[in-house]
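S.K.:
Protein chains: 2
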Amino acid sequence: MVSVDGFRALDEKSLVDYIKATPSLCSKLGNQFEELQVKEVGDGNLNFVYIVISPSGSLVIKQALPYIRCIGESWPMTKERAYFEALALKEHGRLCPDHVPEVYHFDRAMSLIAMRYLEPPHIILRKGLIAGVEYPLLAEHMSDFMAKTLFFTSLLYHSTAEHRKLVAEYCGNLELCRLTEQVVFSDPYKESQYNRWTSPYLDRDAEAVRQDNILKLEVAELKSMFCERAQALIHGDLHTGSIMVTQNSTQVIDPEFAVYGPMGYDIGAFLGNLILAFFAQDGHSSEGENRKTYKEWILRTIEDTWNLFQTKFTSLWNEHKDGPGEAYLSAIYKDSEILVLVQKKYVKNLFHDSLGFGAAKMIRRIVGVAHVEDFESIDDTSKRAYCERRALEFAKTLLKERRGFQTINEVVLAIRELTPNEVA
Amino acid sequence: MVSVDGFRALDEKSLVDYIKATPSLCSKLGNQFEELQVKEVGDGNLNFVYIVISPSGSLVIKQALPYIRCIGESWPMTKERAYFEALALKEHGRLCPDHVPEVYHFDRAMSLIAMRYLEPPHIILRKGLIAGVEYPLLAEHMSDFMAKTLFFTSLLYHSTAEHRKLVAEYCGNLELCRLTEQVVFSDPYKESQYNRWTSPYLDRDAEAVRQDNILKLEVAELKSMFCERAQALIHGDLHTGSIMVTQNSTQVIDPEFAVYGPMGYDIGAFLGNLILAFFAQDGHSSEGENRKTYKEWILRTIEDTWNLFQTKFTSLWNEHKDGPGEAYLSAIYKDSEILVLVQKKYVKNLFHDSLGFGAAKMIRRIVGVAHVEDFESIDDTSKRAYCERRALEFAKTLLKERRGFQTINEVVLAIRELTPNEVA
Ligand SMILES: Nc1ncnc2c1ncn2[C@@H]1O[C@H](COP(=O)(O)OP(=O)(O)O)[C@@H](O)[C@H]1O
Ligand SMILES: Nc1ncnc2c1ncn2[C@@H]1O[C@H](COP(=O)(O)OP(=O)(O)O)[C@@H](O)[C@H]1O
Ligand SMILES: [Mg+2]
Ligand SMILES: [Mg+2]
Ligand SMILES: [Mg+2]
Ligand SMILES: [Mg+2]
Ligand SMILES: [Mg+2]
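Chains as they are written, first to last, in our numbering: chain A, 3 to 426; chain B, 3 to 426.
1) Out of L31/B, G274/B and Y106/B, state which residue places its alpha-carbon closest to the alpha-carbon of F359/B.
2) Can you list the residues of chain A that H237/B reaches, using a CB-CB cut of under 7 angstroms?
3) So is the beta-carbon of S244/B under 6 angstroms away from any non-hydrogen atom of ligand 5?
4) As a quick exercise: from F147/A, Q283/A, A222/A and E104/A, pick the residue whose alpha carbon is nearest that of I132/A.
5) For a cutoff of 7 angstroms on Cβ pairs, would you count V344/A as touching chain B?
6) What residue does the beta strand (DSSP E) around Y348/A start on, and which one ends it?
7) Roughly how many angstroms separate the alpha carbons of E193/B and W299/B, rounded to a whole number?
8) Less than 7 angstroms between CB atoms is the rule here; does Q233/A satisfy it with respect to chain B?
9) Using a beta-carbon distance below 7 angstroms, is E93/A in contact with chain B?
10) Comparing the CB of E258/B with every heavy atom of ligand 7, is any distance shorter than 6 angstroms?
11) I'd like to check one pair, G285/B with R386/B: are the Cβ atoms closer than 7 angstroms?
12) Could you have a look at S29/A and say whether DSSP puts it in helix, strand or coil?
13) So E142/B and L310/B are supposed to be a Cβ contact under 8 angstroms. How far apart are they, rounded?
14) Using a threshold of 6 angstroms, is the CB atom of L67/A nearer than that to any non-hydrogen atom of ligand 4?
15) Who are the Cβ neighbours of T155/B in its own chain at under 6 angstroms, not counting the five residues just before and after it?
16) Give me, in chain order, the residues of the same chain whose beta-carbon lies closer than 6 angstroms to that of W308/A; leave out the 5 immediate sequence neighbours on both sides.
17) Please state the DSSP three-state secondary structure of A333/A.
18) In whole angstroms, what is the alpha-carbon distance linking L420/A and R206/A?
19) With 8 angstroms as the C-beta to C-beta threshold (strictly closer), list the residues of the segment 361-379 of chain A near chain B in chain order.
20) Would you say L415/B and L357/B are within 7 angstroms of each other, going by their C-beta atoms?
21) Taking 7 angstroms as the cut-off, decide whether the C-beta atoms of F153/B and C98/B are in contact.
22) Specify, as a first and last residue, the run of the beta strand (DSSP E) that Y106/B falls within.
23) For C389/A, which residues from the same chain have a beta carbon less than 7 angstroms from its beta carbon, with the 5 sequence-adjacent residues on both sides left out?
24) Please list the residues of the segment 319-334 of chain B that have a C-beta atom closer than 9 angstroms to any C-beta atom in chain A, keeping them in chain order.
25) Among residues of its own chain, excluding the 5 on either side of T383/A, which ones have a beta-carbon nearer than 8 angstroms to its beta-carbon?
26) Heavy atom of ligand 2 less than 6 angstroms from the Cβ of W43/B, yes or no?
27) Determine, using beta carbons only, whether A222/A comes closer than 7 angstroms to chain B.
28) Under 7 angstroms, Cβ to Cβ, is there at least one residue of chain A near Y196/B?
29) Closer than 8 angstroms by beta-carbon distance: list the chain B residues that pair up with R180/A, in chain order.
30) Is there a Cβ of chain A sitting closer than 7 angstroms to that of G266/B, yes or no?
31) Let's test the definition: count the other Cβ atoms within 10 Å of the Cβ of K346/B and tell me whether it reaches 16, buried, or not, exposed.
32) Can you check which of these residues, H322/B, Y106/B and A372/B, is closest to P25/B by C-alpha distance?
33) Let me know if I21/A comes out buried or exposed under the rule of 16 or more other beta-carbons within 10 Å of its beta-carbon.
34) Between which residues of its own chain and Y296/A is the CB-CB distance below 8 angstroms, once the five residues before and five after are set aside?
35) Classify V221/A as buried or exposed, calling it buried when 16 or more other Cβ atoms lie within 10 Å of its own Cβ.
36) Okay, do the segment 55-73 of chain B and the segment 37-44 of chain B touch, 3+ Cβ pairs below 8 angstroms being the bar?
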């Protein structure tokens, strides 16, 4: 059934007819439809994702429906999110083609994106982290993705005119932003029908979050920054479930929450989810596999990601200091003394923003609506609660005392201090 | 001559034909055209302003031409600025009708606004300040205007959806924003053909501004905040030349630079221009009129404006704490302890932003392209340079050390310390 606006929800069968009617997709499959395999694999929260494989090609089709998949039609959500996802995927692909799947086709009326199939052994990073798999290039790749996508869409590279035009465009993605505002920055700090936690173990902890005035003071500042500050094009949902990996490849998907916002929101999402993965490890360890080495790798990856990011970001700045960016005109910030001063200040603020947003993203995954498989997959609830509580306590400290941290190494040391017997 | 887009520049003669062809304007003049008086009075930098008086009515017509009036056709500037001026005038008028002239008519193709004529004895506040006239209600009125226009267009009153829609709309005013970025935040800190200062007296002072790394570090932060942070609908040009006054009336005109930006930009513009007026007084004093009392009045007005603003702004917040604003949901920030905490933090940050922007607005009026009549009207150039230098020194200190000021009284004390023998 086609609705007035040209939209119809596809299923595994009607999808094939859609592909057959779309020449660019036919050719991606080598025009072979006899042995076509179609499989819906959407394990995400919002959308439907189909893998389509023919003997001589493959692709992925993602379709947004006008509600949130994991909740159902009772929580409507604009399907126009697919438009912003396609826009951001293309922009990210242009800026960082090594780490973003190619977009083959976008159909706005159908809220449908066709893109490269990230073939096995690509898996969702979060699943790899739960399984205890090391990805030696992860920090290198993610720092690359974040440095490029954030630098080139900020006023360090944009003219202010270009920036305001793009800011205006992405303001249209307001429904998705509102979802973030609610589930990340509001619901965890108040009573909400959507909140949940490992009960009864964490009942008092959830209550403590709602009563913590200093925490609420800090999260208010972050929420305002998220809503007001158009610093760069952010992915908007850069957790470990939006990244697919192999030993050699790191691919960032699912930027449907893209908007011009604070850079620290993306960096924090990634780092915060790595910290969650760290605290979940004790729930995955078994006799003969205590995950000690693996936890070390996670901590090293946290440290390397930020340090590499800051180096790459600053290098891009130096490289383009005479470029189109208008925040720091080279005629004013020309000599290296002042350039180093402004860069240090910029990066320091970004570091503290990232820690703040990272902490907020951790908290919401423990006492808010959407939890993470890292913890959910720990069957023993008391064990799970133990892991979650330590993560929550760390996140609260990080949010409240983030300005006291000078380096990422100090953050890692603070994590170690919470787990003195486990990690050397 | 009408251009393809329906625009034609009017003069005193063709203006009358325009009015005659526009019924709503005819009726404002009581349909009487025999004894019509038309006079172009635009003393501003950008546009043409006509006062039109008939025996039974009056109005003002403002038209934007596609360049900057005081420079000429060599500096093109979109006439679409009139659209944003009309939009903001109407919004300001809705929020604060007592202090904004009514808009009678707007013609987008003609970039033409018709509004209430602010009849004599209304004069431009800057001229009153130069003449040494006290306006006992100024602080009361301006704190009212700023509290209302800023509060009601911020996330303290807007839903985030409404906010993003309006932010997107005003992003269109990017050319005017670019002018601000250039003349306020960039040119004064670099060599520019447009910069000027009272030479040779201030040659070294202008040079010192361009060499001051700490100053440049601070101004970079303000420029980024101006470009990135959509905190509220700001007037964008709220100096003492955009305010018309009598003893009982205060009217804010000329919001063609309106955009969603940091609130402190408006507050700083007003306070910074009052401080400029203060430092200019010694250039206007003559024997028998040392302006000592008047300087006291200016300092009191600076203090009262901020203190009244902060009281009114906080009152609006309390009054609307269960309203549509989404930055601080009442379910989270409900009890008075946390509400007081967040309000104090918000107002403190706003205070420091205001001081920073105020200082930047002062500096640019002394070493940038557009100067103020407060100083320009001091004929004795060495005397003028003396006044300007003290204002400049104070502004530099304010910009660099603004976070050290806790109250506006401390700022006023710092001004007094620079002029120990003059003001008690
Ligand atoms: N290009 C792709 N190649 C392979 N698998 C993909 C691709 N895109 C999505 N997937 C799979 O579909 C799942 C959901 O996709 P995602 O874009 O995250 O949707 P949602 O917005 O619903 O979270 C992913 O976790 C991944 O397993
Ligand atoms: N509504 C009005 N009533 C009376 N005089 C006005 C009115 N609007 C503008 N003026 C006069 O015209 C001058 C220029 O107007 P303004 O709006 O500031 O233009 P510009 O954008 O060129 O600075 C003002 O300084 C004031 O003297
Ligand atoms: Mg996803
Ligand atoms: Mg998604
Ligand atoms: Mg003006
Ligand atoms: Mg003007
Ligand atoms: Mg103007």
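Each residue gets a CB set at the ideal place from its N, CA and C atoms; glycine is no exception.
M.R.: Reading from the atomic positions:
1) G274/B
2) The premise fails here: H237/B is roughly 18 angstroms from chain A at the closest Cβ pair, so nothing lies under 7 angstroms.
3) yes
4) Q283/A
5) yes
6) Premise fails: Y348/A lies in the alpha helix (DSSP H), S338 to V369, not in any beta strand (DSSP E).
7) 37 angstroms
8) yes
9) no
10) yes
11) yes
12) helix
13) 6 angstroms
14) no
15) A234 and L235
16) I410
17) coil
18) 20 angstroms
19) none
20) no
21) no
22) V105 to D109
23) F281, A282, D284, G285, F377 and I380
24) E328, A329, Y330, L331, A333 and I334
25) T200 and Y203
26) Residue identity differs from the one stated: residue 43/B is Val in this sequence, not Trp. Correct: V43/B has its Cβ closer than 6 angstroms to ligand 2.
27) yes
28) no
29) T162 and A163
30) no
31) exposed
32) Y106/B
33) buried
34) G134, E136 and Q283
35) buried
36) yes
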